[in-house]
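Asker: Questions regarding the structure given below will be posed in turn.
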Amino acid sequence: MNTQTLPLLEVQDVSKYFGSVIALKDISMKVYAGEVMCLLGDNGAGKSTLIKI
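All the letters of the sequence shown, read from the start, carry residue numbers 0 to 52 under numbering that gives the first Met the number 0.
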């Protein structure tokens with residue numbers, strides 16, 4: 000990966016709450032062109048919530 004290339008998607012310090020329930024806390028990631036990204040986690044870990052944001 001070329002470090003001078005800008006990411007297609009960048010997320011920094013994202014948090015999501017449902018009332019008092021923490022769904023996501025301080026999530027950061029970058030996705031670059033040509034990269035394959037995979038989100039893994041248990042049921043209820045926040046994968047779909049992150050994608051919907």
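Beta carbons are placed, not taken as given, at the ideal position from N, Cα and C, and that holds for glycine. Remember, it's a predicted structure, so these values are computed and weren't measured experimentally.
From L83 to I50, what does the alpha carbon distance come to, in whole angstroms?
Answerer: Residue 83 lies beyond the residue range present for the chain, which begins at 0 and ends at 52; the question has no answer from this structure.
Asker: In the DSSP assignment, find the beta strand (DSSP E) that holds I26 and state where it starts and stops.
Answerer: V20 to V30
Asker: To the nearest angstrom, how far is it from the Cα of Y31 to the Cα of G43?
Answerer: 27 Å
Asker: Considering Cα atoms alone, identify which of Q3, G18, Y16 and M28 is closest to V10.
Answerer: Put simply, of Q3, G18, Y16 and M28 the residue whose alpha carbon is nearest the alpha carbon of V10 is M28.
Asker: Quick one: give me the first and last residue of the alpha helix (DSSP H) that L49 is part of.
Answerer: K46 to K51
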